[in-house]
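Novice: Quick one: the structure is below, and I'll ask about it shortly.
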Ligand code: C2E
Ligand code: CA
Ligand code: CA
Ligand code: CA
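Residue numbers (UniProt numbering): 446 to 723.
See the structure below:
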């Protein structure tokens, strides 16, 4: 770990590899990250090509670590889940994202949707639906302006509890998206049981559009979405060719570096005011 400087070698324990030592350091610091206000939400736009505007923003968590700099969620969310900090973090994410959306609403952005990622662990709590609904009403948000992103794995493990909670969220008018759709063990039967509103096509399928202009999995997913009357979002769109191919496959809403990398709330506000260039 860099911040121990040269002296770090003195404490080097050959039984602990670098990964382990970094992880232990992260774990210690993560406990204080919330209190010290080191967490920040970035936002990435979701663009409707036909409407030529930003119709949604996905909140993506960042940790401004005092020594390590910007730590990506992939390196600390698994740790947070393991050490039981994810509940506090998810609550902070939800509250911060809702407060931000309320601010954007006050400046006139009353139809942009905000997507928030949840951890499978959040659904272990009996009152998860109540606290989400409570958070929205506390910030005066209409339920239809918020969408929660969950993963396929949560539905495979069910646990009747998750299906019920998803249904309750949908009945409250809150959107529920299946993130990274198609990468899990897609037993399509679960789409009957979990009344979600959106499928997000995983980036791995979009990447394949580099070598061919069509992809049978993407065609199948758009067909499923149409059949179940679900919204569809293509993730990880990096190149114009991919956007064109997706459009030809019937996909209109896209998110990816082609349009914008995740940015601060301030940058996101500027995107809300402008027409995208692609
Ligand atoms: P995800 O939900 O699938 O989020 C999309 C990830 O893809 C983001 O990475 C985003 O920055 C990245 N991305 C977007 N467009 C492109 C593109 O065109 N090309 C490439 N190569 N990547 C692109 P990020 O922000 O590092 O987040 C990683 C994962 O961490 C997320 O994957 C999500 O599973 C998790 N995560 C992020 N924020 C939260 C949060 O607030 N709570 C929870 N529980 N998980 C979160
Ligand atoms: Ca997501
Ligand atoms: Ca995803
Ligand atoms: Ca993911």
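Virtual Cβ for every residue (Gly too), placed ideally from N, Cα, C.
All values derive from a computational prediction rather than experimental measurement.
Are three or more beta carbon pairs between the region 484–495 and the region 516–529 nearer than 8 Å?
Specialist: Counting Cβ pairs under 8 Å, fewer than three are found: no touch.
Novice: Taking the alpha helix (DSSP H) that residue 464 falls in, what are its first and last residues?
Specialist: Element bounds for residue 464: 463–478.
Novice: Can you look up residue 546 in the DSSP assignment and give me helix, strand or coil?
Specialist: If DSSP states are grouped into helix, strand and coil, residue 546 belongs with the helices.
Novice: Using 7 Å as the cut-off, classify the Cβ of residue 680 as near or not near the heavy atoms of ligand 3, replying yes or no.
Specialist: For ligand 3, at least one heavy atom lies less than 7 Å from the Cβ of residue 680.
Novice: Consult DSSP for residue 455 and reduce its assignment to one of helix, strand or coil.
Specialist: Below a pLDDT of 50, predicted positions are generally treated as unreliable, and residue 455, at 47, falls in that range; no measurement from the model is reported.
Novice: What ranges does the beta strand (DSSP E) occupy inside the region 585–634, keeping only unbroken runs of at least 3 residues that lie completely in it?
Specialist: As far as the region 585–634 is concerned, its whole beta strand (DSSP E) runs of at least 3 residues are 591–596, 620–626.
Novice: Pick from 601, 652, 658: whose alpha carbon is nearest that of residue 635?
Specialist: Taking only the C-alpha atoms, the option nearest residue 635 is 601.
Novice: I'd like the span of the alpha helix (DSSP H) that includes residue 686, first residue to last.
Specialist: Element bounds for residue 686: 685–693.
Novice: Ligand 2 and residue 624: does the residue's C-beta get closer than 7 Å to at least one heavy atom of that ligand?
Specialist: For ligand 2, at least one heavy atom lies less than 7 Å from the Cβ of residue 624.
Novice: At a threshold of 7 Å, does residue 429 count as lining ligand 1 (C-beta to nearest heavy atom)?
Specialist: Residue 429 is absent from the structure shown; the chain starts at 446 and stops at 723.
Novice: Could you tell me whether any non-hydrogen atom of ligand 3 is closer than 7 Å to the CB of residue 556?
Specialist: Because no heavy atom of ligand 3 lies under 7 Å away, the Cβ of residue 556 does not count as near it: no.
Novice: Which parts of the region 638–680 are runs of the beta strand (DSSP E), unbroken and 3 residues or longer, counting only runs that do not cross its ends?
Specialist: As far as the region 638–680 is concerned, its whole beta strand (DSSP E) runs of at least 3 residues are 643–646, 676–679.
Novice: Compute the minimum distance between the beta carbon of residue 502 and the heavy atoms of ligand 1, and state whether it is under 7 Å.
Specialist: Not under cutoff, so the answer is no.
Novice: Take residue 534 and list the residues in its own chain whose beta-carbon comes closer than 6 Å to its own, dropping the five residues that flank it on each side.
Specialist: If we look at residue 534 and ignore the five residues flanking it on each side, its Cβ neighbours are 525.
Novice: When you compare the CB positions of residue 626 and residue 647, do they come within less than 8 Å of one another, or not?
Specialist: Yes, these two residues count as a Cβ contact at 8 Å.
Novice: Near residue 611, what residues of its chain come up, given a Cβ to Cβ distance below 6 Å and the 5 sequence neighbours on each side ignored?
Specialist: Result list for residue 611: 621, 639, in chain order.
Novice: Apply the 10 Å Cβ neighbour rule to residue 573 and answer buried if 16 or more other Cβ atoms are within range, or exposed otherwise.
Specialist: Flag for residue 573 reads buried.
Novice: Excluding the 5 residues flanking residue 539 on each side, which residues of the same chain have their C-beta closer than 7 Å to its C-beta?
Specialist: Answer for residue 539: 561, 577, 580, listed in chain order.
Novice: Considering just the uninterrupted stretch of the alpha helix (DSSP H) at residue 711, what are its terminal residues?
Specialist: 710–718 is the extent of the alpha helix (DSSP H) around residue 711.
Novice: Can you list, in chain order, the residues of its chain whose CB lies under 6 Å from that of residue 624, leaving out five sequence neighbours each side?
Specialist: Counting only Cβ-Cβ distances below 6 Å, and skipping sequence neighbours, we find 594, 596, 645.
Novice: Which ranges would you report for the alpha helix (DSSP H) in the region 480–530 if only whole runs of at least 4 residues count?
Specialist: Qualifying alpha helix (DSSP H) stretches, in chain order: 518–527.
Novice: Between which residues of its own chain and residue 507 is the CB-CB distance below 6 Å, once the five residues before and five after are set aside?
Specialist: 485, 487, 515.
Novice: DSSP beta-bridge partners for residue 559?
Specialist: Per DSSP, 502, 591.
Novice: Suppose contacts are defined by Cβ-Cβ distances below 8 Å. Is residue 675 in contact with residue 642 by that definition?
Specialist: In this structure, residue 642 lies closer than 8 Å to residue 675 by Cβ.
Novice: Buried or exposed: which applies to residue 463, given that a residue is buried once 16 or more other Cβ atoms fall within 10 Å of its Cβ?
Specialist: Its Cβ having fewer than 16 others within 10 Å, residue 463 is exposed.
Novice: What does the alpha-carbon distance come out to for the pair residue 585 and residue 554?
Specialist: So the two alpha carbons sit approximately 14 Å from each other.
Novice: Which partner residues does residue 698 have in the DSSP bridge list?
Specialist: Looking at the DSSP assignment, residue 698 forms a beta bridge with 493, 678.
Novice: How should residue 633 be labelled, buried or exposed, when 16 other C-beta atoms within 10 angstroms of its C-beta is the threshold for buried?
Specialist: Classification of residue 633: exposed, given that the 10 Å Cβ count is below 16.
Novice: Relative to the C-alpha of residue 655, which residue among 530, 690, 471 is closest?
Specialist: The candidate whose alpha carbon is nearest that of residue 655 is 690.
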